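Notes for the one structure printed next.
This is the structure we're talking about:
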C-alpha cells in the first residue's frame with residue numbers, strides 16, 4: 003500500500019520539468035472516487051494547461067533490467083472525471099524507461115515504452131465516471147524513440163502505429179526496463195499536449211515469472227489521531243506503528 007505516510011519510493015512530479023507538479027495542477031492521494039479497485043483510495047492527477055504532465059513514478063527494483071518478455075502480469079486501473087465527451091480517449095498512461103537490449107551492457111537513455119488504453123479498441127472504449135482495468139499485455143505499445151538513430155533506428159512501433167506485445171518482441175526480443183539506480187523506471191502519467199484532464203489511477207499489478215505485486219494507492223491516515231479506530235489497517239502493521247510514523251515526521 004502506497005500512501006502519503008509511506009510512499010515506498012513513489013513520487014509525484016511533472017514529467018515535463020522533472021520537478022514537483024506545477025502550480026494549479028493536482029498530484030495527490032485521495033479517497034475514492036466511487037469504489038476504487040483496491041482499497042478505498044487512489045492517486046489523483048489533474049492538469050490545467052497544454053504541456054503539463056502530472057505523473058506518479060518510482061524505481062521498481064523487480065523490473066529493473068528485466069526483459070519485457072519476462073513480465074507475466076501487467077495491469078492497472080483508471081478513472082476519468084473530465085473530459086466527459088464520449089469521443090474523448092484520454093486516460094492515464096503507463097510508461098517505462100526502456101532499454102532496447104537489456105543484455106548488451108548499454109544503459110543509455112532510449113526513450114519510453116508507452117501504453118495508452120485507447121490504442122487497442124478490443125480492450126473497450128475509455129469512459130468517464132467509471133473505473134476501468136486495462137490488461138496491458140493484451141494491448142498495444144509504442145516507443146517514444148522509434149525512428150531515432152541513437153535509440154530505435156527502425157520506425158516500427160511508433161505512436162501512430164503501436165505494436166502488440168508479440169510484434170514488439172518480434173522486433174526487439176531483448177527489449178526491457180532500463181536499469182539505472184536512482185532514476186524512476188515506471189511512470190503513471192497524464193498530459194503531454196493535453197489541454198485539460200482530471201482523473202485517477204489505482205491497482206497497478208506487476209508480475210515477473212508468475213510472482214505478482216499489486217500497488218494499492220491510498221490516502222490513508224493524515225495525522226496520528228486518524229490512526230485510531232482501525233485507521234491504520236491496510237497501511238501499517240499496527241496502530242502504534244502508524245502513530246510513530248507521524249511522530250518521526252515532526
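Numbering (our numbering), first residue to last: 3 to 252.
Cβ coordinates follow ideal geometry from the N, Cα and C atoms, glycine included.
Treat the numbers as computed from the prediction; the structure is a model and nothing was measured.
**Request:** Have a look at residue 222 and residue 42 and give me their C-alpha separation to the nearest angstrom.
**Result:** Numbered from its first residue, the chain shown carries residue 222 at position 220. Numbered from its first residue, the chain shown carries residue 42 at position 40. So the alpha carbons of these two residues sit roughly 9 Å apart.
**Request:** Apply the 10 Å Cβ neighbour rule to residue 230 and answer buried if 16 or more other Cβ atoms are within range, or exposed otherwise.
**Result:** On the chain shown, position 228 is the one that residue 230 refers to. The residue is exposed, with fewer than 16 neighbouring Cβ atoms inside 10 Å.
**For residue 209, three-class secondary structure by DSSP** = Taking the chain shown and counting its residues from 1, one reaches residue 209 at position 207. In the structure shown, residue 209 sits in a strand (DSSP, three-state: E or B).
**Prompt:** When DSSP labels each residue in this structure, what does residue 100 get in the three-state scheme?
**Reply:** Numbered from 1 along the chain shown, position 98 holds the residue referred to as residue 100. Residue state, collapsed to three classes: strand.
**Message:** Using CA atoms only, rank isn't needed, just tell me which of 241, 234, 79, 87 is closest to residue 199.
**Reply:** What you label residue 199 is simply residue 197 of the chain shown in a count that begins at 1. From the listed residues 241, 234, 79, 87, the smallest Cα separation to residue 199 is found for 87.
**Request:** Would you mind stating whether residue 72 and residue 181 have Cβ atoms separated by less than 8 Å?
**Result:** Here residue 72 refers to the residue found at position 70 of the chain shown. Here residue 181 refers to the residue found at position 179 of the chain shown. Going by C-beta atoms, residue 72 is not nearer than 8 Å to residue 181.
**Prompt:** How about residue 147 and residue 157: are their beta carbons less than 8 Å apart?
**Reply:** On the chain shown, residue 147 is found 145 positions in, with the first residue counted as 1. On the chain shown, residue 157 is found 155 positions in, with the first residue counted as 1. No.
**Message:** Between residue 48 and the ligand MN, is there a pair consisting of the residue's CB and a ligand heavy atom that are separated by less than 7 Å?
**Reply:** In terms of ligand content, the structure shown is empty, and the ligand MN therefore cannot be addressed.
**Asked** Assuming residue 70 contacts residue 178 under a Cβ cut-off of 8 Å, what Cβ separation, rounded to an integer in Å, is found between them?
**Response** As a position in the chain shown, residue 70 is number 68, starting the count at 1. As a position in the chain shown, residue 178 is number 176, starting the count at 1. Confirmed, about 5 Å.
**Prompt:** Nearest to residue 44 by CA position, among 133, 55, 125, is which residue?
**Reply:** On the chain shown, residue 44 is found 42 positions in, with the first residue counted as 1. Selected option, being the one with the closest Cα: 133.
**Message:** Using C-beta distances below 6 Å, list every residue in its chain close to residue 84, excluding the 5 sequence neighbours before and after it, in chain order.
**Reply:** Counting from 1 along the chain shown, the entry for residue 84 is found at position 82. Result list for residue 84: 200, in chain order.
**Request:** Can you give me the Cβ contacts of residue 131 inside the same chain, cut-off strictly under 6 Å, excluding the 5 residues immediately before and after it?
**Result:** Sequence index remark: in the chain shown, residue 131 carries index 129 (1-based). Nothing listed; no residue qualifies.
**Span separating the alpha-carbon of residue 34 from that of residue 193** = Position 32 of the chain shown holds residue 34. Position 191 of the chain shown holds residue 193. C-alpha separation (whole angstroms): 21 Å.
**For residue 235 and residue 64, the rounded distance between their alpha carbons** = For this step, residue 64 is matched to residue 62 along the chain shown. For this step, residue 235 is matched to residue 233 along the chain shown. CA-to-CA, the gap between residue 64 and residue 235 works out to about 25 Å.
**Asked** Tell me which same chain residues have a C-beta within less than 6 Å of the C-beta of residue 6, skipping the five on either side of it?
**Response** Within the chain shown, numbered from 1, the residue matching residue 6 stands at position 4. Taken in chain order, the residues that qualify are 31.
**Environment of residue 186 [buried if 16+ CB atoms lie within 10 Å]** = Position 184 of the chain shown, counting from 1, holds the residue named residue 186. When all chains shown are included, residue 186 counts as buried.
**Prompt:** What are the start and end residues of the alpha helix (DSSP H) that includes residue 30?
**Reply:** For the purposes of this step, residue 30 is taken as the residue at position 28 of the chain shown. Element bounds for residue 30: not the alpha helix (DSSP H) but the beta strand (DSSP E), 28-33.
**Asked** Less than 8 Å separating the beta-carbons of residue 116 and residue 93?
**Response** Position 114 of the chain shown, counted from the first residue, corresponds to residue 116. Position 91 of the chain shown, counted from the first residue, corresponds to residue 93. No, these two residues do not count as a Cβ contact at 8 Å.
**Message:** Please state the DSSP three-state secondary structure of residue 78.
**Reply:** By one-based count along the chain shown, residue 78 stands at place 76. In this structure, residue 78 counts as strand in the three-state DSSP scheme.
**Message:** Going by DSSP in three states, residue 246 sits in which element: helix, strand or coil?
**Reply:** In the chain shown, the residue the question calls residue 246 occupies position 244. Of the three classes helix, strand and coil, the one that applies to residue 246 here is helix, per DSSP.
**Prompt:** How is residue 62 classed by DSSP in three states: helix, strand or coil?
**Reply:** Here residue 62 refers to the residue found at position 60 when the chain shown is read from its first residue. Residue state, collapsed to three classes: coil.
**Asked** Alpha carbon to alpha carbon, what distance is there between residue 173 and residue 167?
**Response** On the chain shown, position 165 is the one that residue 167 refers to. On the chain shown, position 171 is the one that residue 173 refers to. So the alpha carbons of these two residues sit roughly 10 Å apart.
**Asked** From residue 67 to residue 108, what does the alpha carbon distance come to, in whole angstroms?
**Response** Counted from its first residue, the chain shown places residue 67 at position 65. Counted from its first residue, the chain shown places residue 108 at position 106. Inter-residue distance for residue 67 and residue 108 is about 11 Å (C-alpha atoms, whole angstroms).
**Asked** Are the beta-carbon atoms of residue 114 and residue 104 separated by less than 8 Å?
**Response** Translated into positions along the chain shown, residue 114 becomes position 112. Translated into positions along the chain shown, residue 104 becomes position 102. Their beta carbons are not under 8 Å apart, which means residue 114 does not touch residue 104 by this criterion.
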